[in-house]
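Structure, as C-alpha cells:
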Amino acid sequence: MASPFLSAGATTGDSSGEMSSGDDSGDVDSLQSPETEASKRLTEQFEKAAAHLQGLIHVASREQLLYLYARYKQVKVGNCNTAKPSFFDFEGKQKWEAWKALGGSSRSQAMQEYVAAVKSLDPGWNPQLSEKKGKEANTGFGGPVVSSLYHEEIIREEDKNIFDYCRENNIDHITKVIKSKNVDVNMKDEEDNEGQTALHYAAACEFLDIVELLLQSGADPMLRDQDGCLPEEVTGCKAVSLVLQQHTTGKA
Numbered sequence: 004m005a006s007p008f009l010s011a012g013a014t015t016g017d018s019s020g021e022m023s024s025g026d027d028s029g030d031v032d033s034l035q036s037p038e039t040e041a042s043k044r045l046t047e048q049f050e051k052a053a054a055h056l057q058g059l060i061h062v063a064s065r066e067q068l069l070y071l072y073a074r075y076k077q078v079k080v081g082n083c084n085t086a087k088p089s090f091f092d093f094e095g096k097q098k099w100e101a102w103k104a105l106g107g108s109s110r111s112q113a114m115q116e117y118v119a120a121v122k123s124l125d126p127g128w129n130p131q132l133s134e135k136k137g138k139e140a141n142t143g144f145g146g147p148v149v150s151s152l153y154h155e156e157i158i159r160e161e162d163k164n165i166f167d168y169c170r171e172n173n174i175d176h177i178t179k180v181i182k183s184k185n186v187d188v189n190m191k192d193e194e195d196n197e198g199q200t201a202l203h204y205a206a207a208c209e210f211l212d213i214v215e216l217l218l219q220s221g222a223d224p225m226l227r228d229q230d231g232c233l234p235e236e237v238t239g240c241k242a243v244s245l246v247l248q249q250h251t252t253g254k255a
C-alpha cells in the first residue's frame, strides 16, 4: 500500500539533543530553509505531474508508462519491498521489474525523473502553473487514486506485439502479424528477462488454438527460456502438452 507523503518539515530536525528556552520557532524556520523549501516545491511539481499525466495516457508508450510507474512507487513506497509476481502475471512482473530496477534511488531523484518524463510527453506543460482541481486532478496515472500501472486496455494498439496478443488470446491479430512476415515467431520477448517466446506464453496461458497456430507457423518447441524450460514444461494443460510433444516427435 502506498504510504502518504512525509511533510517537508518532518524530514529534517535538530538531533543535537540540546534544550532551548523560550520561543525557538525562528530557529525551526531557519532549519527548514532553503533545502526544505526546495523539497516542498519538488513535491508539489510531482503531484501536479501525476495529475497532468491523466490527459497524456494516449500519447505515452508502454515503456514510458512503466518508467513513470516505477518512479511513482519509489516516491510513495521507497525501494521495492514486495515479492516477484507469479509466472502467469505478465503485467505484474513488468511492474515489479521496473520498480526493482531503481534500486536505492532517492525519493527526490525519483520525483525529478517523474516530472521530467511528464515534461517530455508534453513539452508545453509548465509545472509552475496551477493544475486543474477536483476529480480530474485525482485520477492521473500514478496519482493519488490510481497507484498501479496502466491497465492493458490503455496500451495503444500500434504498440502491441505478438506477445501482447498471446496474453490476450487474440488469435486474429496473431494471424495477421504472422501473415505480415514482419515478425520472427521464435524471437524472445526483449521486455521480459525470462527469455520466453510467444510459444512459451501461449503454452503457459493454455491457449491451445494459439499454440497450434504458432507451431504451424514455424515456432520451435525446443527453445528454452532463461530458466531452461521448454514450452511444454510451463503449461499445466494436458492438451497443450500433448500437441507440443507430438510436434516435437514429428520433427525428430
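Per this note's numbering, residue 4 is the first one in the sequence shown, and the count goes up by one each step.
Here a beta-carbon is modelled for each residue, glycine too, at the ideal position from N, C-alpha and C.
The Cβ atoms of Q77 and L105 lie closer than 8 Å to each other. Every alpha helix (DSSP H) of 4 residues or more that sits fully in the region 45–90 is shown, in chain order, as 65–79. Secondary structure note for T178: its alpha helix (DSSP H) is the uninterrupted segment I174 to K182.
DSSP places T200 within a strand segment (E or B) once states are collapsed to three.
Inclusion of R170 and F93 in the CB contact set at 8 Å is warranted, their separation being smaller than that value. The three-state secondary structure of K163, taken from DSSP, is coil.
In the DSSP annotation of this structure, W128 is not part of any alpha helix (DSSP H), being labelled neither H nor E. Here M114 is buried, its C-beta having at least 16 other C-beta atoms within 10 Å.
Nearest neighbour of L226 by Cα position, chosen from I177, D212, E209 and V188, turns out to be V188. K191 is bridged by DSSP to T200. Annotated three-state conformation of A104 is coil, per DSSP. Cβ-Cβ separation between I181 and S220: approximately 5 Å, consistent with a contact (criterion under 8 Å). Counting along the chain, no alpha helix (DSSP H) covers V186, and no H or E run does either. Taking the CA atoms as reference points, F166 sits about 26 Å from L56. Here T252 carries a helix assignment [DSSP, helix/strand/coil]. Burial is judged here by how many other beta carbons sit within 10 angstroms of a residue's own beta carbon; V118 has at least 16 and is buried. The DSSP-derived three-state label of D212 is helix. With a cutoff of 8 Å on beta-carbon distance, L211 and V237 are scored as not near each other.
Beyond the five residues adjoining it in sequence on each side, K122 comes within less than 7 Å, by CB distance, of W128 in the same chain, given in chain order. Annotated as distal: W102 and A63, with beta-carbon spacing of 8 Å or more. DSSP places M114 in the helix class (H, G or I) of the three-state scheme. Within 10 angstroms of the beta-carbon of P126 lie fewer than 16 other beta-carbons, which makes it exposed.
Contact between D195 and K98 is ruled out by a C-beta separation of about 12 Å, above the 8 Å threshold. The straight-line gap separating the alpha-carbon atoms of S89 and G107 is approximately 24 Å. Under the 10 Å beta carbon count, T200 is surrounded by 16 or more other beta carbons and is classified as buried. Secondary structure at A222: coil, using DSSP grouped into helix, strand and coil.
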